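Quick notes on the structure that follows.
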Amino acid sequence: MNFLNIINQLAEVDSDVFDRLDSRRAVFSSLGTVAKRSALAATPALLASFFQKAYAGSNAGDPVEIFNYALTLELLEADFYNKVIASSQFAGTNSANQAAIRQIYKHEAAHVTLLQNVVRAVGGTPTTIPGFSTAVFSTLTTFAAQLQVAQLLEDTGVRAYKGRAADIQALGVNSVTVSGPGAINPLESALRIHSVEARHAAHIRYMRGQTPWISGNGDLDSQAYYQGNTPESNVTQAGYNLTTAGTPTPGVTYSATDAAASFDEILTKSEVLALATPLIGA
Amino acid sequence: MSTNLLSQTTGRDQDQVLYTPIKRRSFFMYAGATAGATALVLAGCSKSDSSPGMVSLGNGNLSVLNYAYALEQLEAAFYAQVVKSPATDFQTGELAYFTQVAAHEAIHRDFLKAAIINVAKGTPIQDLTPNFANINFASRASVLGTAKAFEDLGVAAYNGAGKLISASDPNGATYLTVAGKIVSVEARHAAYVRDLLSAGSFADDQQVDPTYGLDKTMTPADVIAVAQSYIVQKIDASSVGK
Chain A
1 MNFLNIINQL AEVDSDVFDR LDSRRAVFSS LGTVAKRSAL AATPALLASF FQKAYAGSNA
61 GDPVEIFNYA LTLELLEADF YNKVIASSQF AGTNSANQAA IRQIYKHEAA HVTLLQNVVR
121 AVGGTPTTIP GFSTAVFSTL TTFAAQLQVA QLLEDTGVRA YKGRAADIQA LGVNSVTVSG
181 PGAINPLESA LRIHSVEARH AAHIRYMRGQ TPWISGNGDL DSQAYYQGNT PESNVTQAGY
241 NLTTAGTPTP GVTYSATDAA ASFDEILTKS EVLALATPLI GA
Chain B
283 MSTNLLSQTT GRDQDQVLYT PIKRRSFFMY AGATAGATAL VLAGCSKSDS SPGMVSLGNG
343 NLSVLNYAYA LEQLEAAFYA QVVKSPATDF QTGELAYFTQ VAAHEAIHRD FLKAAIINVA
403 KGTPIQDLTP NFANINFASR ASVLGTAKAF EDLGVAAYNG AGKLISASDP NGATYLTVAG
463 KIVSVEARHA AYVRDLLSAG SFADDQQVDP TYGLDKTMTP ADVIAVAQSY IVQKIDASSV
523 GK
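Here the protein sequences come in this chain order: A and B.
Going left to right, the first sequence walks through residues 1 to 282 as my numbering numbers them.
Going left to right, the second sequence walks through residues 283 to 524 as my numbering numbers them.
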């Protein structure tokens, strides 16, 4: 992974990225040492820490930024499914699989339109991306390989929305009049998209013979998409280790698998961008 | 009383009761333990309140937590029964998955109760008594149909409740994030059960608005109106989030 290429791709998502980086010289000074260890530059954890610095506190409380962030992910998903549906692998799979992918694509395309209208309604310009990277897509030579990416995109989408819910809450905006649905509560709409992404994720996992929930023992569950500062394997909620006997209920012990699977976890913006940016391209 | 007695009569003490001749004194211990065990079986049934009365969910952020706690109690009780007396026509793998779902819901229930007490510094609502008279637990179709109704209801409830959580409370952001962590698991359950009932119905046009791609959302009053038929106590959700 070419680090500067990622920055260039990121610039297509976030046109302010160079200003953002330039105004934060501390980031560049840390980049100096990073560059010497370029082998590490491809690791999501390092990228995440880089973006964390670049984006720390930036645009806090800006509805345009929040909804363009969501739009970016929806654009990526929608174009991915668009490419799937146009592929020979899709043509060769059964009608049930095709119907499921078409239904999911329909929702992602609807989310794109809705979020574009939300961004306009809060005074912004909807972001655009080149699409899901053709180069990456061309490596998905089977329908099964496409489904793997679908699972990663959906589970990441769930985590991404969850990670910004509190930011939307903090906006304190109860109603936005949006072209199409009219007056909506933006937090409620985000939650309603979030649960649809979770339904998608569950179905894709089910299609792949995985548990619909993230049990940690799935074939992809160890990938970076399931890690982060709060990994999906987390068993502690609001200070409670749910696997400790008697916590939170005396006499009751839950397994780590059940405790982890019963709560989905968040990803921060920097973590999501580190995961998603390599998938964005012409 | 029986709860206290049970907690004192665990492990070695209980064995002693079983292995020593039943003298008058230990007979009462044994009887007490049995009463305790019975109480445990009936956990989720009404506390020995003098009158069943109305259970108010209250107001403010605490009411949103108690609202979620009420729904998780209902779901946990349902799946506990599903696991205890599985449908005779469950297909391969379904009981194993429902056992996992039962654990998830029990964890949600227990976590919410603990969070209400220790994080929100509030009082959880009482244990609710489920009314599953209209569910045929021996029938896969009845169990799946009920599971679908509960899961879709839960998703719509959380989707509608998020905006009711006040951010002016220092814990408001935490409550919302935790609710978000739970609701997506409920949505996974819903999608799974829907696929079992009708393959490919995980997010069909009846559940997810096809124009905007939005899942359902419901007010607490509407949710409780549906859930009420499965709960003995009358629930008052009129001031949730207010």
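Just so you know, even glycine gets a beta-carbon here, dropped at the ideal spot from N, CA and C.
Model, not experiment: these values are computed from the prediction.
Who are the near neighbours of residue i in its chain, counting only those whose CB is closer than 6 Å to its CB and skipping five residues on each side?
i: A:Thr268; result: Gly163
i: A:Gly124; result: Val64
i: B:Lys305; result: Caution is warranted here: a pLDDT of 37 is assigned to B:Lys305, below 50, making its placement in the model unreliable, and the coordinate value is therefore given only provisionally. Closer than 6 Å at Cβ, skipping near neighbours: no residue.
i: B:Gly442; result: Thr499, Met500 and Thr501
i: A:Ala150; result: Ile204
i: A:Gly240; result: Looking at the sequence itself, residue 240 of chain A is Tyr, so the reference to Gly does not match. Thr247 and Pro248, listed in sequence order.
i: B:Pro368; result: Leu377
i: B:Gln355; result: Arg391 and Leu410
i: B:Ser338; result: Asp518
i: B:Ala358; result: Glu387, Ala388 and Arg391
Please return the same chain residues whose Cβ sits closer than 7 Å to the Cβ of residue i, not counting the five positions on each side in sequence.
i: A:Pro130; result: Glu12, Ile280, Gly281 and Ala282
i: A:Gln98; result: Phe90
i: A:Asp258; result: none
i: A:Asn174; result: Asn185
i: A:Val118; result: Phe67, Val176, Val178 and Pro186
i: A:Val84; result: Phe90, Ile101 and Gln146
i: B:Val364; result: Phe380, Ala384, Phe419 and Val425
i: A:Ile168; result: Ile66, Pro186, Leu187 and Ala190
i: A:Tyr81; result: Ile101, Ile104, Tyr105 and Glu108
i: B:Pro406; result: Asn348, Tyr351, Lys395, Ile398 and Ile399
i: B:Tyr512; result: Leu356, Pro412, Asn413 and Phe414
i: B:Ala449; result: Ala455
i: B:Ser333; result: The pLDDT assigned to B:Ser333 is 42, lower than 50, so where the model puts this residue is not dependable, and the model offers no usable value.
Could you work out which residues of chain A lie near residue i, taking near to mean beta carbons separated by less than 8 Å?
i: B:Arg422; result: By Cβ distance, chain A contributes nothing, its closest Cβ being about 18 Å from B:Arg422, past 8 Å.
i: B:Lys463; result: Lys162, Gln237, Phe263, Asp264, Glu265 and Ile266
i: B:Gly444; result: Ala165, Gln169, Leu187, Glu188 and Leu191
i: B:Ala455; result: Ala166, Gln169 and Ala170
i: B:Thr405; result: Under the 8 Å cutoff, chain A gives no residues; its nearest Cβ is about 15 Å from B:Thr405.
i: B:Val401; result: Ala238 and Gly239
i: B:Val437; result: Ser195
Please list, in chain order, the chain B residues whose beta carbon lies closer than 7 Å to that of residue i.
i: A:Val252; result: Asp392
i: A:Pro212; result: Arg470, Ala473 and Tyr474
i: A:Tyr206; result: Tyr474 and Asp477
i: A:Ala78; result: Correct list: empty, because the minimum Cβ distance to chain B is about 10 Å.
What does residue i touch in chain A if you count any residue whose Cβ is under 9 Å from its own?
i: B:Leu353; result: By Cβ distance, chain A contributes nothing, its closest Cβ being about 15 Å from B:Leu353, past 9 Å.
i: B:Asn441; result: Glu188, Leu191, Arg192, His194 and Ser195
i: B:Ala245; result: No information on residue 245 of chain B is available, as it lies outside the stretch 283 to 524 that chain B covers here.
i: B:Leu356; result: Chain A residues near B:Leu356: none, gap ~16 Å exceeds 9 Å.
i: B:Gln408; result: Residues of chain A passing the Cβ test: none, with the nearest at roughly 16 Å.
i: B:Ala362; result: The premise fails here: B:Ala362 is roughly 12 Å from chain A at the closest Cβ pair, so nothing lies under 9 Å.
i: B:Ala350; result: Going along chain A, no residue has its Cβ under 9 Å from B:Ala350, so there is no contact; the nearest lies around 13 Å.
Measure how close the beta-carbons of residue i and residue j come, nearest whole angstrom, since I'm counting them as under 8 Å.
i: B:Asn462; j: A:Ala165; result: With the sequence shown as reference, residue 462 of chain B is identified as Gly, and Asn is not the correct amino acid for it. At roughly 5 Å, the Cβ-Cβ gap stays under 8 Å, so B:Gly462 and A:Ala165 are in contact.
i: B:Ile447; j: B:Val346; result: 5 Å
i: A:Thr230; j: A:Ile204; result: About 22 Å separates the two Cβ atoms, so there is no contact after all.
i: A:Ala276; j: A:Leu71; result: Actually they are not in contact, since the Cβ atoms of A:Ala276 and A:Leu71 sit about 12 Å apart, beyond 8 Å.
i: B:Val505; j: B:Leu458; result: Contact flag wrong, Cβ pair sits at about 18 Å.
i: B:Ser483; j: B:Asp477; result: 7 Å
i: B:Tyr440; j: B:Ile417; result: Rounded, the Cβ-Cβ distance is 23 Å, inconsistent with contact.
i: B:Leu344; j: B:Gly404; result: 4 Å
i: A:Phe143; j: A:Thr93; result: 5 Å
i: A:Ser233; j: B:Ala469; result: About 20 Å; that fails the 8 Å criterion.
i: B:Ala429; j: B:Val475; result: 5 Å
What residues of chain A sit near residue i, judged by a beta carbon separation below 7 Å?
i: B:Gln373; result: Within chain A, no residue comes near B:Gln373; the closest Cβ sits about 14 Å away, beyond 7 Å.
i: B:Ile389; result: Leu242, Tyr254, Asp258, Ala259 and Ser262
i: B:Leu458; result: Ala165, Ala166 and Gln169
For residue i, collect the residues of the same chain with a Cβ closer than 8 Å to its Cβ; drop the 5 residues on either side in sequence, then sort them by chain order.
i: A:Ala261; result: Thr211, Trp213, Ile214, Ser215 and Gly216
i: A:Met207; result: Asn97, Ala100 and Leu147
i: A:Val112; result: Leu71, Glu74, Leu75 and Ala78
i: A:Thr243; result: Val235, Thr253, Tyr254, Ser255, Ala256 and Ala259
i: A:Gly180; result: Thr113, Leu114 and Asn117
i: B:Leu496; result: Val490
At a CB-CB cut-off below 8 Å, which residues of chain B make contact with residue i?
i: A:Thr249; result: Asp392, Lys395 and Ala396
i: A:Val158; result: Ser466
i: A:Ala245; result: Result: empty, since nearest Cβ-Cβ is about 12 Å, beyond 8 Å.
i: A:Ala121; result: Within chain B, no residue comes near A:Ala121; the closest Cβ sits about 14 Å away, beyond 8 Å.
Could you run through the region 168-184 of chain A and flag, in chain order, every residue whose CB is less than 8 Å away from some CB of chain B?
-> Gln169, Ala170, Gly172, Asn174, Gly180 and Pro181
Would you list, in chain order, the members of the region 472-499 of chain B that have their beta-carbon closer than 7 Å to a beta-carbon of chain A?
-> Ala472, Ala473, Tyr474, Asp477, Ala481, Gly482, Phe484, Ala485, Val490, Pro492, Thr493, Tyr494, Gly495, Leu496, Asp497 and Thr499
Residues in the region 83-108 of chain A with C-beta within 8 Å of chain B's C-beta atoms, listed in sequence order?
-> Ala96, Ala99, Ala100, Gln103, Ile104, Lys106, His107 and Glu108
Alpha helix (DSSP H) segments (min. 4 residues) lying fully within the region 187-261 of chain A | 256-261
Would you mind listing the alpha helix (DSSP H) stretches within the region 347-415 of chain B that are 4+ residues and don't spill past its ends, in chain order?
-> 376-400
Minimum length 3: unbroken beta strand (DSSP E) runs contained in the region 436-513 of chain B = none
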